[in-house]
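**Student:** Going by full-length UniProt numbering, the residue at position 348 of the sequence shown is 348; the numbering climbs one at a time, nothing skipped.
Think of the CB as a built atom: it goes at the ideal place given N, C-alpha and C, for glycine as much as any other residue.
Quick caveat, the model's predicted, so the values are computed rather than measured.
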Amino acid sequence: MTPPHLRLPPQDRRLSPLTGWTRAHWEATADQLLDALVPYATRRGAQYRLPGRLSRSGVTSDGLEGFARSFLLAAVRIAGAQGGTEDLIERYADGLAAGTDPRSGEAWAPITDLSQQIVEAASIAIGLHESRTQVWDRLDPAVQQSTVDWLSGVVGARIPDNNWRLFQVVVEQFLASIGAPHAQDDIDSGLERIEDWWVGDGWYTDGSGKNFDYYCGWMLQTYPLLWARIATATPGADTSRAEVYRERLHAFLTHYPQFFGGDGAPVHQGRSLVYRFACLAPVWMGELADCTPLPPGQARRLASATMRHFADRGVPDERGLLGLGWYQPYLPLTQPYSGPASPYWASSGFLGLLLPPDHAAWTAMECQLPLETADQVTALPAPGWLLHGTRNDGIVRLINHGSDHLPDEDLPFSPTAVVAHNPHYAKFAYSSSTAPESAPHAWSRNLDNHIALLAPDGTPSHRGRIHPLECSGARASSWHTAHLPGQEPGTGHRIETTSLIHGPWEIRVHRIDAPAGTPIREGGYAVACTEQPIALTGDGWALARNADQLSSAVVGLYGWDAAAVARETEANALGPHSATPYLTRAAHPAGHTVLVTLVALARDVLHPRALREAITVTVEDDVARIRLPEGTELQA
1 MTPPHLRLPP QDRRLSPLTG WTRAHWEATA DQLLDALVPY ATRRGAQYRL
51 PGRLSRSGVT SDGLEGFARS FLLAAVRIAG AQGGTEDLIE RYADGLAAGT
101 DPRSGEAWAP ITDLSQQIVE AASIAIGLHE SRTQVWDRLD PAVQQSTVDW
151 LSGVVGARIP DNNWRLFQVV VEQFLASIGA PHAQDDIDSG LERIEDWWVG
201 DGWYTDGSGK NFDYYCGWML QTYPLLWARI ATATPGADTS RAEVYRERLH
251 AFLTHYPQFF GGDGAPVHQG RSLVYRFACL APVWMGELAD CTPLPPGQAR
301 RLASATMRHF ADRGVPDERG LLGLGWYQPY LPLTQPYSGP ASPYWASSGF
351 LGLLLPPDHA AWTAMECQLP LETADQVTAL PAPGWLLHGT RNDGIVRLIN
401 HGSDHLPDED LPFSPTAVVA HNPHYAKFAY SSSTAPESAP HAWSRNLDNH
451 IALLAPDGTP SHRGRIHPLE CSGARASSWH TAHLPGQEPG TGHRIETTSL
501 IHGPWEIRVH RIDAPAGTPI REGGYAVACT EQPIALTGDG WALARNADQL
551 SSAVVGLYGW DAAAVARETE ANALGPHSAT PYLTRAAHPA GHTVLVTLVA
601 LARDVLHPRA LREAITVTVE DDVARIRLPE GTELQA
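1) For HIS577, count neighbouring C-beta atoms within 10 Å of its own C-beta (all shown protein chains included) and say buried if the count is 16 or more, exposed if not.
2) Please report how far the alpha carbon of residue 638 lies from the alpha carbon of GLU437, in whole angstroms.
3) Please classify residue 637: is it buried, with 16 or more other beta-carbons within 10 angstroms of its beta-carbon, or exposed?
4) Assuming HIS388 is part of the alpha helix (DSSP H), what are its boundary residues?
5) Consult DSSP for residue 653 and reduce its assignment to one of helix, strand or coil.
6) Who are the near neighbours of LEU595 in its chain, counting only those whose CB is closer than 6 Å to its CB and skipping five residues on each side?
7) Just the C-alpha distance for ALA610 and ASP213, rounded to the nearest angstrom, thanks.
8) Over the uninterrupted alpha helix (DSSP H) stretch that includes ALA228, give me the two end residues.
9) Compute the distance between the beta-carbons of VAL554 and GLU522, then report whether it is under 8 Å.
10) With contact counted as at least three CB pairs below 8 Å, one residue from each stretch, are the segment 291-309 and the segment 374-391 in contact?
11) Using the Cβ count rule (16 or more neighbours within 10 Å means buried), how would you classify ALA571?
12) How big is the Cα-Cα spacing for VAL267 and ILE399?
13) Determine the burial state of VAL59: buried for a count of at least 16 other Cβ atoms within 10 Å of its Cβ, exposed for fewer.
14) Assign SER472 to one of three DSSP states: helix, strand, or coil.
15) Tell me whether ASN449 is buried or exposed, calling it buried when 16 or more other Cβ atoms sit within 10 Å of its Cβ.
16) Hey, how far is the Cα of ALA121 from the Cα of ALA46?
17) Over the uninterrupted alpha helix (DSSP H) stretch that includes ARG246, give me the two end residues.
18) Note down the Cα distance separating PRO357 from LEU88, rounded to an integer number of angstroms.
19) Applying the 10 Å Cβ sphere with the 16-neighbour rule, what's the burial state of residue 637?
20) Would you report the Cα separation of ALA624 and LEU557, rounded to the nearest angstrom?
21) Our contact map puts ALA528 next to LEU601 with C-beta atoms below 8 Å; I'd like the distance itself, whole angstroms only.
22) Determine the extent of the alpha helix (DSSP H) in which THR60 is found, giving its start and end residues.
23) Return helix, strand or coil for GLY339, following the three-state DSSP convention.
24) Ordered along the chain, which non-local residues of its own chain (more than five positions away) have a Cβ less than 6 Å from that of THR42?
25) Using the C-alpha atoms, what's the distance from VAL119 back to LEU64?
26) Within a Cβ cutoff of 8 Å, which residues of the same chain sit near PRO415, ignoring the five residues on either side of it in sequence?
27) Which residue marks the beginning of the beta strand (DSSP E) containing ILE399, and which one marks its end?
28) Using the DSSP secondary-structure output, state which residues sit across from HIS510 in a beta bridge.
29) Cutting at 6 Å between CB atoms, please list the residues of its own chain near ALA176, excluding the five before and the five after it.
30) Does any CB atom of chain B fall closer than 8 Å to the CB of ARG494?
31) Looking only at C-alpha atoms, which of HIS483, SER115, HIS5, TYR344 sits nearest to GLN168?
32) Report yes if the C-beta distance between THR85 and ARG301 is below 8 Å; otherwise report no.
33) So PRO316 and LEU33 are in contact, right, with Cβ under 8 Å, and what is the actual spacing, rounded?
34) Assuming the contact rule is C-beta atoms closer than 8 Å, MET285 and THR239 should be a hit. Round their C-beta distance to whole Å, please.
35) Comparing alpha-carbon positions, which option in ALA514, ILE507, GLU531 lies nearest THR616?
36) Please name the residue, chosen from ARG241, TRP203, GLY540, that lies closest to ALA382 on a Cα-to-Cα basis.
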């Protein structure tokens, strides 16, 4: 574990017996994140040009991103402080003046259709609203006007049809709140559009398709209520939608703590994971909008545990910066739109600083998360997920039978399709203690948490579109079409999978249609570390264990021939060395067959050989009946 680089106040174990963190720790973290950016500012502070790989938008856009995303953090810190932020106010006011002045030499590019500037304009608009009395109201009228002129590029602009619709909404609502020209139709149509993505039970999909990830929380749940805060300050604005958004966030937060391990680690799934603790935005918004089902001490315990989880692992780094990675720099975790300042979207994870210091979220004693009192199994039919967490080791596992992040049309197997079938969406399982093998060389092999048909040259099939069938209790199922190289669009081979949860185990029952002689392979979780994981194999089982005593195992309960462990280097966000246990069947018998696998991830001792000997499986009329060691019987 990398030593922490933050300088923090002493822990307060009376108020926060579980994390030791209080509001003072959050303020200190925010201050150090902001101070660390100063050496990278342009002369007047309109851009923060951080070291690292540039995004596809270029250096000027990346510099704007550094200003805008950190300004949101600065605005939250300024608005929630009891004074003492004059230097911060001046720094960002000067940057705003330079960024919106075309003659300054460091001006931001105008906002145009589909441009990255639209995203950054939203952070600036929210920041200006939240710090209105301290920043906006004190700006020179000429700077106010130049800011309006720049933000007004959003009005009527073409916007990607996903969460970006809300960027236009909040920018134009801010313009409306200060009496500037705006298009009410843009605001209304953006808010109407997200209704098309509402799937119920607290969940939105991010645009068309089954795009379920943290964007539901930090964008589609949080931004409508940020809009409501601005609209409330807009004379004559209709804020009637706000109550619906409050009800939806309440529903979302009901199960949201189940996504976090006992150590505060979020489940590692979805895109833009370099935003890290931005996943806390909906937790704080629940407090700000007074619509949370979480006790205030539990909300803070969750938020502080996550912040401390990253801080204890060296985030921010020794320079005080948030880099492109999870704990350490790791570029395969990024997207083409990710630039050096992209991680500062994490600023939205500090929205709690807008709450007054005497708010219950800051003054209540920390209380335990559900996972800290008992094992948890939660079915989320809307995204097609099962969450199961184990109290003794604090691990949360997400079983994925719903989110594939694919467009509406099916994709045939092709290089384009492989890119679209992202390892952060296509796997059968994710967890709070592991990450998928995501480097290109490992993703092309697609081994971990995946079942594949293998082409003659060893190329694996990809999962393709996920078709959910069931998600309730402790079971979920789906089917997908496995595509192999050279197959025509619309062809492929059906694989139907049912996941059954029992304690730390997931039992997968696969029903597969494939040509005779086709090899089949299935992998478990990849475990990673700074050192080579231990690999153990036996008759029908394989196990990998890292230096932190995290063990991943697969046990062939029915239909498998052999087991092994595959190693990778520089393929995983959690460490340079990783290993994945897997099973193989040399040849499909033709037609229809059933395979049954036990997948385990635990910090407890695992005995896969004993499990293989003690669990019995019978298959009759395509139905698998599994009898567990203590006598429990499962069926799929």
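**Tutor:** So, from the listed chains and residues:
1) Taking the sequence shown and counting its residues from 1, the one referred to as residue 577 is at position 577. HIS577 sits buried, since 16 or more C-beta atoms from the chains shown fall within 10 Å of its C-beta.
2) What is shown of the chain runs 1 to 636, which leaves residue 638 out entirely.
3) Here the chain covers residues 1 to 636 and nothing more, so residue 637 does not appear.
4) Along the sequence shown, read from residue 1 onward, the residue named residue 388 stands at position 388. HIS388 -> not in any alpha helix (DSSP H); beta strand (DSSP E) instead, spanning 385-390.
5) The requested residue 653 does not occur in the structure, where the chain is confined to residues 1 to 636.
6) Here residue 595 refers to the residue found at position 595 when the sequence shown is read from its first residue. If we look at LEU595 and ignore the five residues flanking it on each side, its Cβ neighbours are HIS510, GLY559.
7) Along the sequence shown, read from residue 1 onward, the residue named residue 610 stands at position 610. Along the sequence shown, read from residue 1 onward, the residue named residue 213 stands at position 213. If you take the alpha carbons of ALA610 and ASP213, they lie about 36 Å apart.
8) Along the sequence shown, read from residue 1 onward, the residue named residue 228 stands at position 228. Segment 222-232, the alpha helix (DSSP H) holding ALA228.
9) Along the sequence shown, one-based indexing puts residue 554 at 554. Along the sequence shown, one-based indexing puts residue 522 at 522. In this structure, VAL554 lies near GLU522, with their beta-carbon atoms less than 8 Å apart.
10) No: the two stretches stay apart, fewer than three of their Cβ pairs being nearer than 8 Å.
11) Here the question's residue 571 lines up with position 571 in the sequence shown. Residue environment analysis places ALA571 among the buried positions, since at least 16 neighbouring C-beta atoms fall within 10 angstroms of its C-beta.
12) Here residue 267 is taken as the residue at index 267 of the sequence shown, counted from 1. Here residue 399 is taken as the residue at index 399 of the sequence shown, counted from 1. A straight-line Cα-Cα distance of about 11 Å links VAL267 and ILE399.
13) To locate residue 59, count along the sequence shown from 1; it is residue 59. Exposed: under 16 other Cβ atoms inside 10 Å.
14) Reading the sequence shown from its first residue, position 472 is the one you call residue 472. Strand.
15) Along the sequence shown, one-based indexing puts residue 449 at 449. Around the beta carbon of ASN449, 16 or more other beta carbons sit within 10 angstroms, so the residue counts as buried.
16) Here residue 121 corresponds to residue number 121 of the sequence shown, with the count starting at 1. Here residue 46 corresponds to residue number 46 of the sequence shown, with the count starting at 1. The straight-line gap from Cα to Cα measures roughly 13 Å.
17) Stepping through the sequence shown from its first residue, residue 246 is reached at position 246. It spans 242-255 - the alpha helix (DSSP H) in which ARG246 sits, taken as one unbroken run.
18) Here the question's residue 357 lines up with position 357 in the sequence shown. Here the question's residue 88 lines up with position 88 in the sequence shown. Looking at the two C-alpha atoms, the distance is approximately 20 Å.
19) A question about residue 637 goes unanswered here, because the residues of the chain that appear run from 1 up to 636.
20) Start at 1 with the first residue of the sequence shown, and residue 624 comes out as number 624. Start at 1 with the first residue of the sequence shown, and residue 557 comes out as number 557. For ALA624 and LEU557, the gap between their C-alpha atoms comes out near 11 Å.
21) Along the sequence shown, one-based indexing puts residue 528 at 528. Along the sequence shown, one-based indexing puts residue 601 at 601. With a Cβ gap of about 13 Å, ALA528 and LEU601 do not count as contacting.
22) For this step, residue 60 is matched to residue 60 along the sequence shown. For THR60, the uninterrupted alpha helix (DSSP H) segment begins and ends at 59-80.
23) Taking the first residue of the sequence shown as position 1, residue 339 is located at position 339. For GLY339, the three-state secondary structure derived from DSSP is coil.
24) Sequence index remark: in the sequence shown, residue 42 carries index 42 (1-based). The beta carbon of THR42 sits closer than 6 Å to the beta carbons of GLU106 from its chain, once the five residues preceding and following it are set aside; these are given in chain order.
25) The sequence position of residue 64 within the sequence shown is 64, counting from 1. The sequence position of residue 119 within the sequence shown is 119, counting from 1. The straight-line gap from Cα to Cα measures roughly 10 Å.
26) The count along the sequence shown starts at 1 and reaches residue 415 at position 415. For PRO415, the predicted model reports a pLDDT of 42, less than 50, meaning its position is unreliable and no value from the coordinates is stated.
27) Within the sequence shown, numbered from 1, the residue matching residue 399 stands at position 399. Going by DSSP, ILE399 is part of the beta strand (DSSP E) stretching over 395-400.
28) Mapped onto the sequence shown, residue 510 falls at position 510. Answer by DSSP bridge pairing, in chain order: THR497, LEU595.
29) Position 176 of the sequence shown holds residue 176. Once the five neighbours on either side are set aside, the close Cβ partners of ALA176 are HIS182, THR234.
30) The structure shown contains no chain B; it holds only a single protein chain.
31) Taking the first residue of the sequence shown as 1, we reach residue 168 at position 168. Among HIS483, SER115, HIS5, TYR344, the Cα nearest to that of GLN168 belongs to SER115.
32) By 1-based counting over the sequence shown, the position of residue 85 is 85. By 1-based counting over the sequence shown, the position of residue 301 is 301. Contact annotation: THR85 and ARG301 have beta-carbon atoms that are not nearer than 8 Å.
33) Counting from 1 along the sequence shown, the entry for residue 316 is found at position 316. Counting from 1 along the sequence shown, the entry for residue 33 is found at position 33. Cβ atoms of PRO316 and LEU33 come within 8 Å of each other, at about 6 Å.
34) If you number the sequence shown from 1, residue 285 lands on position 285. If you number the sequence shown from 1, residue 239 lands on position 239. Going by Cβ atoms, the distance from MET285 to THR239 rounds to 16 Å, so no, they are not a contact pair.
35) Within the sequence shown, the letter at position 616 stands for residue 616. Measuring from the Cα of THR616, the nearest candidate turns out to be ILE507.
36) The count along the sequence shown starts at 1 and reaches residue 382 at position 382. Closest by C-alpha distance to ALA382, out of ARG241, TRP203, GLY540, is TRP203.
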